[in-house]
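Q: Can you keep this structure in mind? I'll have questions shortly.
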Amino acid sequence: MRFGVLGPLCAQITGREVRLNGPRQAKMLAALLIDANNIVATERLVAVMWDTNAPATAVRQVQDAVSGLRRNLVARGAPGSLISTRRGGYEIHLARDQLDLLEFDHERHLAEQHTAPFERAVALRRALACWRGDALVDTSSQALEIDAARLNEKRAATHKQCLAVELDLGRHREVIDELTALLREHPYDEQVAEHLIVALYRCRRQGEALQVYERLRRTLADELGVDPTPPLQALHQRILTADPALTAPVPASRPLDIPPESPDAPAAEPAMAMPVRQLPLDVSDFVGRAEALAELAGLLDGSAPNRAPVAVIVGGPGVGKSCLVTHAARLASAAFPDGQLYLDLAATSDEPRDPGLMLAEALRALSIAGSAIPNGLAERAALYRSLLVDRRMLVVLDDAGHADQVLPLLPAADGCAVLITSRTLLTQLPGARHIDLDVLSPAEARELFTGIVGRRRVEREPGEADAILDCCGNLPLAIRIASGKLTGRPAWSLRVLRERIEDESRRLAELRIGDLSVRASVELSLRLLPAEAVRALSLLGLLGAYTLPGWVVGPLLDRSDAEEVLDTLVDASLVRLTATDALGEPRYRLHDLIRTCAVEIAAPLPTEDKRDAIIRVLSVWLELMGRGTDRLPGGLLAAAPGSAPRRSLPDAVVDRLMADPFGWFDAERDNLLGAVKLAVDWGLDELAWELAAGTATYYDHRCLYQDWQHGHRIALDAAEAAGNARGASVLLRGLGQLHIYQDEFDRATRTLESSIELCRDSGDKRGEALSVAMLGTVSRVQGRDDEALERVEQALAIAVGEGDRHIEAQLSCSMAVMRLMQGRLEEAESWFTGALRVARALDDEHRVAVVLRRFSRLHDRRGDPDEALRCLWQALATFERLADERCAAYTLLEVGRVYAGQDDRDRASPALERAAGLFHRHGDRQDEATCWQLIGDLDAAAGAHHLAHQHRGRALRLWQMIGDINQTKAPARPSSP
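Going by the numbering used here, the sequence shown opens with residue 253, and the numbers climb by one from there.
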């Protein structure tokens, strides 16, 4: 009997693989194995099975799942006692040789016991040999992903320790490849870089050693704004002066009998942990283009003598540039194992995408989030290029307009390639190869037409088929429109269609190719559509270049049964069904040319009619945002409704869309900003500010700071221009909270003071209380405790006077924190207890978790770390279930503090490192610095002075960065909410 979690989840009994009955059994087994020979609480299993919103029957379903798992394993030969029911949970009983995780931990423990370096290296190699890949790579659960990340970090630490020992044993030649791969995976790890530099130097590869140092120095400077630590700088100087003390030790007398650990990828070319796979779906009926495909394949082949890192496919609208590039990119994807990045530059739209925003999108795809994304175009481009160094990625830039739009998006790495589609030559791109794409050949056009319409119909009327293709000018878009009409009308003969399109006056085109154009096909389809469908198309064009949900047609037309109209447009290939989102909802998009034509069609419509249609659609967006926000974890950023209209979809549709509110917001993320922009463009300032403010809670939980700022800024400009004081006050408050998250405290103060002034002018007591409370946070973080207390008391008095229990719960907790900082423990406990009571009465589990997290400090202060940790683990489970990474990070920071207070470095450091990683991911420099300072203090207490210096230096550099932003030299205190 053998189980494994150090790689894909596996279970073998009597030498045969056990097939688990569905993902629930897999999750239960993984959770039990992670804590083998320990009781796993039922609450933990519930969190593993449901990432969010566990049903009322969750405990019963967990019991059923574990019972089913037990029966499955016993039926295949496992003992009945393998999984036992314990009080409050379950336990799986395994010997060390029955689970790879237990073996791994055992070998690591043996390595720690060995005093001889050779034996230690052998034990570490045996530990690494337990791994088959990333932990639990095929098991989907947010709770398990956290465990898997912890195990993967332990693996990486073991690997580094092993290579360090082997380097000391004189195995510098043998460890170079693994150190190179490890540095690619951890490009900021100076310890790995140091080992690699020493290994290369000892192999008489001084030049390469210096290159490693220089590459690391540039990476740290470009991406973190810091220099290498003094020890690494000193090593660099020693290599330049050929310090004899760097001479290699005598090599080990015998080789290690365990091979290097790299079971899932060659060490020299490690794959990304999570490759980006963004290519659109391939066109299933793609035909022809053999010459262009062969040329592209040659350009993308790294071994070919004519390889070009940048290829531009140029052609008129509708010739199939995007289809060709997508098809070619998918054929070549195996040559780019680190992923494929797809960016739509939308040059032909009314709003071409700004390269700065495109870089932000690309950086998010590469796991850079929040304010970790630089503000400037040049800084974003530099970070983007740095992330692609030594990676083999294919970048697709669709619908480019000019070279300035493209240049910042070009990687500098030799292993990357770029495919660009454009309507114009981009001659300013250095080294780019241009491919001119024309219409299909007659044979290719006939193959495309036959594949869509059906061979039997074409063979019955071959002459009519040729005439139709001749009218279409062999243009792919026109062929698809004509073929779609025939497919949707099986009773038609081909002659009927030919007679309808042979008159040139009925063929409209958008861009010209000879005497034909795409516009001819669009007009042809429009003349065959009912009036309501034409009206729908014209109004859809006004919504912009976005991928839209199907429900928008209903409010546009002011009717509830608009599905048939949408189906008519889809059948005519005027609206494209592009995909099905994560919620199972179909997504639609107008081709750029068709959308442009639609806007022209809408031009003669009365302006008031168009404005009313826009208002109806935006009012539905606003209502859905409110419904979604109500189902997100509690927060106080959502403003009270203004006077903007709201329009609801049928309850069944709303319930389906809001079954996963985070999923809905994620799917509609681009449209959220688009709706704000649309409201601004139409002068709808009340709708604009409510739409912008309605996204704040979602942006807060997802840490989407770029979107947050962009939407609030454009709505704020509109509100201020219209003299909308209420809207401006709400948006200023949202921006103030954003500045706090980004450690921009001076800007936060100015913004919040402006919000308070507007709130007082308009009599908005709730808004005033929130803005004053946020100023209290700024005061507390900057160490002005008396001022912070005064502001919190003021805000609390306003909230109580207004009867707002949610704000009361938050500010009662803030008062408790203030009293705790003053050492008035009894008063602090009273405030904490009151805050907890109110939060529970409101059934606000997120607020309960926040209070528990802060309550833990009081317990720890009173010398009860066990109770403090109980509060923290309960809070952490809630935040992880709600996918609130930021609050989870603050909780892990508190866990680290409690363990640090017990001088338990082994437990404190992992929690603090996880917290620092989350803070770094979301650009929270201040709290990341706090984590590294605590880790450095623990290192110093343990006598690890080199590590202490390294970690404290990292904290100091971060605090210096914050000081530069806020013109202050003193490091601020953590700003946890």
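Ideal Cβ placement from N, Cα and C applies to all residues, glycine included.
Hey, A580 and A549: beta-carbon distance below 9 Å or not?
A: yes
Q: What are the complete alpha helix (DSSP H) segments, minimum 4 residues, inside the segment 718-751?
A: 728-740
Q: Quick one: Cα of C262 to Cα of T391, how far?
A: 11 Å
Q: When DSSP labels each residue in this structure, what does E603 get in the three-state scheme?
A: coil
Q: Which of the three DSSP states is assigned to P801 in this structure?
A: Look at P801 here: in three-state DSSP terms it is strand.
Q: Does P515 come out as helix, strand or coil in the three-state DSSP assignment?
A: The predicted model places P515 with a pLDDT of 41, which falls under 50 and marks its position as unreliable; any figure quoted below should be read in that light. Reduced to three states, the DSSP call for P515 is coil.
Q: For V851 and L909, I'd like the C-alpha separation in whole angstroms.
A: Rounded to whole angstroms, V851 to L909 spans 29 Å at the Cα level.
Q: Just confirm the distance between the C-beta atoms of E295 and A1129, as a whole number of angstroms; I'd bet it's less than 8 Å.
A: Right, their Cβ atoms sit about 7 Å apart.
Q: Near P604, which residues of its chain fall below 8 Å by C-beta distance, leaving aside the five closest residues on each side in sequence?
A: L597, A598, G653, Q657
Q: Taking the beta strand (DSSP E) that G341 belongs to, which residues open and close that run?
A: Annotation: the continuous beta strand (DSSP E) that includes G341 extends over 341-344.
Q: In terms of alpha-carbon separation, which member of R644, E1054, R1114, L1145 lies closest to L1127?
A: For the sequence presented, residue 1127 should be read as Ala rather than Leu. When only C-alpha atoms are compared, the closest one is L1145.
Q: With R1114 as the anchor, note down where its alpha helix (DSSP H) starts and where it stops.
A: Per DSSP, R1114 belongs to no alpha helix (DSSP H) and is neither H nor E.
Q: Between T578 and L533, is the Cβ-Cβ spacing less than 9 Å?
A: yes
Q: Return the chain-ordered list of same chain residues with a C-beta closer than 8 Å to the C-beta of R921, the five sequence neighbours on each side being excluded.
A: Taken in chain order, the residues that qualify are L956, D959.
Q: Could you give the distance in angstroms between the alpha-carbon of I344 and the alpha-carbon of N289?
A: In a straight line, the C-alpha of I344 is about 6 Å away from that of N289.
Q: For V647, which residues from the same chain have a beta carbon less than 6 Å from its beta carbon, with the 5 sequence-adjacent residues on both sides left out?
A: Excluding five sequence positions before and after V647, the CB atoms of its chain that fall closer than 6 Å to its own CB belong to L593, V670, given in chain order.
Q: With DSSP run on the structure shown, which of helix, strand or coil describes S1031?
A: helix
Q: Below 8 Å, how does it come out for the segment 1169-1183 and the segment 1150-1161: are there three or more Cβ pairs, yes or no?
A: no
Q: Would you say A783 and L818 are within 9 Å of each other, going by their C-beta atoms?
A: Their beta carbons are not under 9 Å apart, which means A783 does not touch L818 by this criterion.
Q: Using 8 Å for Cβ pairs, my map puts L1094 next to I1059. What's the rounded Cβ distance?
A: Contact doesn't hold; Cβ gap of about 11 Å is too wide.
Q: In this structure, does DSSP put R254 in helix, strand or coil?
A: Correct three-state label for R254: strand.
Q: Do three or more CB pairs link the segment 1043-1055 to the segment 1022-1033 at distances below 8 Å?
A: yes
Q: Suppose the cutoff is 6 Å on Cβ atoms and the five residues either side in sequence are ignored; what does the same chain contact list for M526 look like?
A: At M526, the pLDDT of 46 sits below 50, so the modelled position is not reliable; the number obtained from the coordinates is stated separately. Within the same chain, M526 has no close Cβ partners at all.
Q: Please return the same chain residues whose Cβ sits closer than 6 Å to the Cβ of V710, not counting the five positions on each side in sequence.
A: The residues are T702, A717.
Q: Taking 8 Å as the limit between beta carbons, can you name the residues of its chain near S812, skipping five residues before and five after?
A: G806, P902
Q: Taking S1064 and W1083 to be in contact with their CB atoms under 8 Å, please state how far apart those CB atoms are, rounded to whole angstroms.
A: 5 Å
Q: Mind checking who V562 pairs with in its DSSP beta bridge?
A: V670
Q: Note the first and the last residue of the continuous alpha helix (DSSP H) segment covering D1189.
A: 1177-1193
Q: Please report how far the alpha carbon of D509 lies from the alpha carbon of H411, in whole angstroms.
A: Annotation note: pLDDT 45 at D509 (below 50); position unreliable, no value reported.
Q: With DSSP as the reference, please indicate the residues paired to V528 in a beta bridge.
A: Note: V528 sits in a beta bridge opposite G591.
Q: Which one or two residues does DSSP pair with T832 in a beta bridge?
A: P838
Q: Is it buried or exposed, V1198, if we count other Cβ atoms within 10 angstroms and call 16 or more buried?
A: First, the amino acid is wrong: residue 1198 is His here, not Val. Under this definition H1198 is an exposed residue.
Q: Please report the straight-line C-alpha distance between T830 and Y840, rounded to a whole angstrom.
A: 6 Å
Q: Pull up the distance between the alpha-carbon of A523 and that of T679, whole angstroms please.
A: Model confidence at A523 stands at a pLDDT of 33, short of 50, so the residue's coordinates are unreliable and nothing is read from them.
Q: Starting from D352, trace the alpha helix (DSSP H) in both directions and tell me its first and last residue.
A: First-last of the alpha helix (DSSP H) with D352: 352-365.
Q: According to DSSP, is I753 part of a helix, a strand, or is it coil?
A: helix
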